[in-house]
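J.: If you read the sequence shown in this note's numbering, its first letter stands for residue 26, the second for the next number, and so on.
For each residue, glycine too, the CB sits at the ideal point set by N, CA and C.
Note that the structure is predicted; figures quoted are calculated from it, not measured.
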Amino acid sequence: MINYQKVWATLDVDEKIAFRDRVIKAVQEIYPHYIVRPLEPREADKFFVGNKQDDVRIHVPLRDLYARVSGKDKTLEVLKDAIFTEYAGMLNKADDVELIAEEPNFTWDEVLAKARLQHVRLKEIPEGKLHFPFGDEVVTALVIDHPHETLMYWITQEMLDGWGKTMDDLFKVAMDNLATLADGLEIVGTNTPRNELWPEKGHGFASTCLLLPSLRYLVAQTLGGAPFRFGIPSRHRFYAWVDIDDEKYQIEQKAKMEREMDRYPSPLTSKIYEVDEQGQIKLVKPQPEIPPMPLTSNN
26 MINYQKVWAT
36 LDVDEKIAFR
46 DRVIKAVQEI
56 YPHYIVRPLE
66 PREADKFFVG
76 NKQDDVRIHV
86 PLRDLYARVS
96 GKDKTLEVLK
106 DAIFTEYAGM
116 LNKADDVELI
126 AEEPNFTWDE
136 VLAKARLQHV
146 RLKEIPEGKL
156 HFPFGDEVVT
166 ALVIDHPHET
176 LMYWITQEML
186 DGWGKTMDDL
196 FKVAMDNLAT
206 LADGLEIVGT
216 NTPRNELWPE
226 KGHGFASTCL
236 LLPSLRYLVA
246 QTLGGAPFRF
256 GIPSRHRFYA
266 WVDIDDEKYQ
276 IEQKAKMERE
286 MDRYPSPLTS
296 KIYEVDEQGQ
306 IKLVKPQPEI
316 PPMPLTSNN
């Protein structure tokens, strides 16, 4: 047990370790593509976060996070929010390895197992890599995914020609593989005060799964029907909701997407999208406008 009435300096080692292990578990849920572990079994003041290429290694302190949550409810969601607030800038340094430009000589059999779709910011995709538009700021790229290596490779037209395949052939394979990944996607949400859904864990393909008609149908059924709206502030996250006639709420959600872009790695866009009753995706026009913050004065 952790006595949250104590300050960090007066916790005993076992209490600190219990808090460390709880934080590690929460960070692993938020960022499953990171390596998160204790530095040493009895090291109670910090823990380790790194990437699988072992070129980013971060020692994350626990004292300030403990101070942030010690006076609040001890739920997992409160802890996760505190982790975002305290660690987002630090942990985002251990972001996914960039999609690399030099591709190995993949065979079509490898593509059958590893090709999928991936949302990428338009400004990040190199010229000549296969993709199609998704909204104003995001494209959907065709990639070969090696999740155990935390690497993705661009697919080019030259590669497609070398396999003797068409874009339709590749797209079907990529969608099938994305659907397989989506089968393991755990979605959670709230129904008060609003109906809203999001992925429980921060998988790097989570936002892209909304390309799947089956997932859009599941979201619609869970939320109580279509139309519904969604945002994709990160590759790792989407939010979906149904209260689309409440203009104030749309502004709140737009502001939330902007905040989430700062909290999560691999940011995408703050744009809002809508799924109609036929299950088709469209960009909301005009976008909700966030009013400027009023100036305040202590005078």
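Just to confirm the assignment, what range does the alpha helix (DSSP H) spanning Phe44 have?
T.: Phe44 -> alpha helix (DSSP H) spans Val38 to Ile55.
J.: Report yes if the CB atom of Phe73 is closer than 8 Å to the CB atom of His58, and no otherwise.
T.: Contact flag unset, no.
J.: Going by DSSP, what residues sit across from Ile306 in a beta bridge?
T.: Partner(s): Val300.
J.: Look up Glu162 in the DSSP assignment and say whether it is helix, strand or coil.
T.: Of the three classes helix, strand and coil, the one that applies to Glu162 here is coil, per DSSP.
J.: Please classify Lys325: does DSSP put it in a helix, a strand, or coil?
T.: Because the chain spans 26 through 324 in this model, residue 325 falls outside it and cannot be assessed.
J.: If I measure Cβ to Cβ from Glu123 and keep anything under 7 Å in the same chain, skipping five residues before and after, which residues do I get?
T.: Because the pLDDT at Glu123 is just 49, under 50, the model does not fix this residue reliably, and the value given afterwards should be weighed accordingly. So no residue of the chain qualifies.
J.: As a quick exercise: from Leu90, Asp70 and Ile150, pick the residue whose alpha carbon is nearest that of Thr110.
T.: Per the Cα distances, Leu90.
J.: With a 10 Å radius around its C-beta and 16 neighbouring C-beta atoms as the bar for buried, classify Val213 as buried or exposed.
T.: The residue in question, Val213, is exposed, as its Cβ has fewer than 16 Cβ neighbours within 10 Å.
J.: Return the CA-CA distance between Arg284 and Ser295, expressed in angstroms with no decimal places.
T.: Distance between the alpha carbons of Arg284 and Ser295 is about 9 Å.
J.: Where DSSP assigns a beta bridge to Lys154, which residues make up the other side?
T.: Lys154 pairs with Thr181.
J.: Select from Pro86, Tyr56 and Thr205 the residue whose C-alpha is nearest the C-alpha of Leu64.
T.: Answer by Cα proximity: Pro86.
J.: Please name the residue, chosen from Glu277, Arg146 and Phe253, that lies closest to Pro317 on a Cα-to-Cα basis.
T.: Cα-wise, what sits closest to Pro317 is Glu277.
J.: Taking the Cβ atom as the reference point for each residue, do Glu162 and Arg146 lie within a distance shorter than 8 Å?
T.: Against a cut-off of 8 Å, the Cβ pair of Arg146 and Glu162 comes out as a contact.
J.: Compare the C-alpha of Asp208 against each of Tyr178, Ser239, Asn216 and Gln182 and name the closest.
T.: Residue Ser239 is the option with its Cα nearest to Asp208.
J.: For Gln246, which three-state DSSP category applies?
T.: If DSSP states are grouped into helix, strand and coil, Gln246 belongs with the helices.
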